Amino acid sequence: RERETNTTIAHVYRGTFVHSTPHTALQILEDALLGVDTEGKIAFIGKGEELNKLSQSCGFSPSEVIQLAQHEFFMPGMVDTHIHAPQYSYAGTALDLPLLQWLNTYTFPVESRFKDLEFARSVYTQVVKRTLRNGTTTACYFATIHTDASLLLGKITNDFGQRALVGKVCMDINNAVKHYKETSEESQEETCRFIAELLKKKYPLVKPVVTPRFALSCSADLLEQLGAIAKNNNLHIQSHISETIEEVNVVKKLFPDSESYTDVYLKHNLLTDKTVMAHGCHLTDEELALFRETGASLSHCPNSNISLCSGMLNVRNVLNHKVKLGLGTDVAGGYSASMLDAVRRTLDTSKVLTIQEPDYCTLSFEEVFRLATLGGSQALSMDDHTGNFEVGKDFDALRVNVAAPEGPIDLVQVDEPKILLEKFLNLGDDRNIVEVYVAGRKVVPFE
Ligand code: GUN
Ligand code: FE
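Start counting the sequence shown at 2; every next residue gets the next number (the UniProt record's numbering).
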């Protein structure tokens with residue numbers, strides 16, 4: 002498989018590549034050759050034995066080939082489809098209250114501090130570095146209501162080379178914290194300013210995302226205007242949906258004319274094929290059908306769902322409804338910023354559902370691997386250029402060394418690649434992620 006166009010090869014890697022396709026949760030390419038062009042795109046994928054032929058047809062020298070070691074492999078970068086960058090400042094704490102109390106007690110007071118750009122700079126630098134080191138090549142971020150700090154988050158992701166969607170949060174009602182609120186007009190105007198200024202920067206990997214916090218934080222007027230802004234500018238949309246039963250009940254009371262929580266977003270043009278909604282633990286099958294029809298996707302955030310005792314998403318049912326699904330850390334409702342944790346908690350939740358209902362079709366590690374990579378990319382409508390190793394896509398990849406010195410994994414024998422991947426997903430950490438690439442550029446280790 003080679004690219005049609007005549008591009009210049011920048012790097013060629015040889016070794017094991019593992020990735021997913023829409024048809025195969027885990028495809029393993031052993032002793033493969035993968036070429037990346039000067040634009041960071043995958044120029045060709047071939048077999049090691051074709052080295053001489055490929056080096057002539059694609060124009061590179063066999064001596065330039067970078068050879069992976071025996072316990073190494075490349076996998077696609079992971080996609081965090083839902084993370085709150087400001088909440089990284091208290092990640093690992095404050096997990097003792099249910100969602101609505103948690104927001105008023107911990108979240109809103111902390112988020113209000115991001116008016117201070119120096120505080121924002123220090124936290125946003127930490128969260129971008131931490132997620133990149135842990136293999137998140139694409140992140141879909143909530144920032145805060147503050148436009149300038151949100152723009153700063155965009156700059157920091159661009160500077161470190163992380164692919165990102167960044168949202169200035171919108172919220173005009175129901176907030177117990179005095180200094181952390183905007184009027185509907187402010188929220189609309191600042192959203193437009195945020196979008197215009199972020200687009201003006203022309204960061205190649207960073208895009209704005211329209212971000213109503215959730216139905217409980219936004220008036221009908223604001224929801225409607227945000228739907229229009231997204232439509233007029235063809236932008237992504239992100240929010241939360243059906244995370245807890247209490248939240249679903251309050252939404253019912255607040256929007257008596259809507260048939261369901263999903264219908265509230267649908268009515269305000271916020272359910273599109275570029276929408277990603279976090280959680281969805283308590284969605285009905287009828288609501289899932291609306292997701293399927295509109296092309297909207299879900300972000301499964303199992304650490305958060307367990308930590309805040311919100312519920313358990315039935316992932317198998319979501320997949321059976323053919324709704325696009327990715328994984329999210331939901332920092333700080335989820336206490337870990339690592340997508341490896343999201344993979345493990347997804348498997349745990351699936352197993353708890355199996356304990357409760359032995360006929361439940363438990364997720365396999367291969368399926369969860371796909372959710373963390375290609376699934377996330379599909380959920381963010383980026384699978385035309387990211388998510389797996391296909392010729393023509395951007396090279397977003399992790400070089401994993403399962404036997405990293407000082408790392409958490411001991412190998413007793415030469416294992417096959419499938420076993421190496423399973424060990425890494427269950428036991429690995431950032432010590433095993435020796436290099437991270439986004440659009441062909443090495444972004445970890447940091448320069
Ligand atoms: N719903 C509305 N805002 C939030 C938030 O910040 N975190 C979580 N987990 N749920 C929310
Ligand atoms: Fe969230």
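No residue lacks a Cβ here, since even glycine has one placed at the ideal position from N, Cα and C.
All figures in this text were calculated on a predicted structure; none of them were measured in a lab.
Exposed or buried, what is V333 when buried is set at 16 or more other beta-carbons lying within 10 Å of its beta-carbon? A quick correction: the sequence has Ala, not Val, at residue 333. So A333 ends up on the buried side.
Within 8 Å, do at least three Cβ pairs link the segment 109 to 127 to the segment 314 to 331? Contact between the segment 314 to 331 and the segment 109 to 127 is absent, because fewer than three Cβ pairs lie under 8 Å.
Self-check item: E51 versus Q28 - alpha carbon distance
Solution: The straight-line gap from Cα to Cα measures roughly 20 Å.
Provide the residue(s) that pair with N402 in DSSP beta bridges, ordered along the chain. Paired residue(s): E73.
Practice prompt. Select from T9, T8 and T17 the residue whose C-alpha is nearest the C-alpha of L399.
Written response: Of the candidates T9, T8 and T17, the one whose C-alpha sits nearest the C-alpha of L399 is T17.
**Prompt:** Among the residues of its own chain, which have a CB less than 7 Å from the CB of L152, if the five just before and after it don't count?
**Reply:** F195, E198 and L199, listed in sequence order.
Note down the Cα distance separating L428 from V437, rounded to an integer number of angstroms.
Approximately 19 Å, taken between the alpha carbons.
Item to complete: Could you check if Q357 is buried or exposed, using at least 16 other CB atoms within 10 Å of its CB as the buried criterion?
Response: Flag for Q357 reads exposed.
- Query: Just to confirm, does F215 get its C-beta within under 8 Å of one of the non-hydrogen atoms of the ligand GUN?
  - Reply: Flag set: Cβ of F215 near the ligand GUN.
*Where are the beta strand (DSSP E) runs, 3 residues long or more, that stay fully inside the segment 316 to 342, in chain order?*
Correct list: 326 to 328.
Please list the terminal residues of the continuous alpha helix (DSSP H) segment that includes C193.
Segment S185 to K202, the alpha helix (DSSP H) holding C193.
**Asked** Does any heavy atom of the ligand GUN sit closer than 8 Å to the C-beta of G281?
**Response** G281 Cβ: outside cutoff for every heavy atom of the ligand GUN.
* Asked: Which of helix, strand or coil does DSSP assign to R15?
  -> Reduced to three states, the DSSP call for R15 is strand.
| 6 Å CB neighbourhood of V66 in its chain, flanking five on each side removed | If we look at V66 and ignore the five residues flanking it on each side, its Cβ neighbours are V13 and R15.
* **DSSP state of P418 mapped onto helix, strand, coil** => If DSSP states are grouped into helix, strand and coil, P418 belongs with the helices.
**Asked** Of all the alpha helix (DSSP H) runs that stay within the bounds of the segment 117 to 145, which reach a length of 4 or more residues?
**Response** At a cut-off of 4 residues, the continuous stretches assigned as alpha helix (DSSP H) that sit fully inside the segment 117 to 145 are 118 to 134.
Are the beta-carbon atoms belonging to V435 and A405 less than 9 Å from one another? Taking the C-beta atoms as reference points, A405 is found nearer than 9 Å to V435.
Looking at L96 and L309, is the spacing between their C-beta atoms short of 9 Å? It is a contact, given that the beta carbons lie within the stated cut-off.
* Asked: Going by beta carbon distance, what residues of the same chain come within less than 7 Å of G93, once the five residues before and after it are set aside?
  -> So the qualifying residues of the chain are Y336.
As a quick exercise: from M383, I10 and V413, pick the residue whose alpha carbon is nearest that of L206. The shortest C-alpha separation from L206 is found at M383.
**OP:** Compute the Euclidean distance between the alpha carbons of L320 and T350, then round it to the nearest angstrom.
**Re:** Rounded to the nearest angstrom, the two C-alpha atoms are 15 Å apart.
State yes or no: is the C-beta of T138 within less than 9 Å of the C-beta of T387? Taking 9 Å as the cut-off, the beta carbon of T138 is found closer than this to the beta carbon of T387.
### Query
Of all the options H180, M172, Y181 and V178, which has the alpha carbon lying nearest to the alpha carbon of S188?
For S188, the nearest C-alpha among the options comes from M172.
Given that a residue counts as buried once 16 or more other Cβ atoms are within 10 Å of its Cβ, and exposed if not, what is I146?
Classification of I146: buried, given that the 10 Å Cβ count is 16 or more.
Residues that A279 bridges to, as DSSP identifies them: Its beta-bridge partners are H241 and S300.
Suppose you measure from the CA of V251 to the CA of L100; what does that come to, to the nearest Å? The alpha-carbon separation between V251 and L100 amounts to approximately 12 Å.
Open item on the list: What would DSSP say about Y438, mapped onto helix, strand or coil?
Closed with: DSSP places Y438 in strand when its eight states are reduced to three.
Reference D431; option with closest CA among N402, Q414 and V413: When each option's Cα is compared against that of D431, the closest is N402.
* Asked: Which first and last residues belong to the beta strand (DSSP E) in which E407 is found?
  -> Per DSSP, E407 lies in no beta strand (DSSP E) segment and is marked neither H nor E.
* Among the residues of its own chain, which have a CB less than 7 Å from the CB of S56, if the five just before and after it don't count? -> Non-local C-beta neighbours of S56 in its own chain, meaning closer than 7 Å and more than five positions away in sequence, comprise S62 and P63, ordered along the chain.
>> If contacts are defined as beta-carbon pairs under 8 Å, then N306 and H280 qualify, I think. What distance do you get, rounded to the angstrom?
In response: With a Cβ gap of about 7 Å, N306 and H280 count as contacting.
For the ligand FE, is there any heavy atom lying closer than 8 Å to the beta carbon of D342? Outside the cutoff, so no.
query = According to the Cβ coordinates, are H322 and D360 closer than 9 Å?
reply = H322 is not a Cβ neighbour of D360, given a cutoff of 9 Å.
Point to revise | V37 - partner residues in DSSP beta bridges | key: Note: V37 sits in a beta bridge opposite H12 and I43.
### Query
How long is the line joining the alpha carbons of K179 and D32, rounded to whole angstroms?
Computed Cα separation, rounded: 60 Å.
Exercise for the section: Return yes when at least one heavy atom of the ligand FE lies under 8 Å from the C-beta of H301, else no. Expected result: No - the ligand FE has no heavy atom lying nearer than 8 Å to the Cβ of H301.
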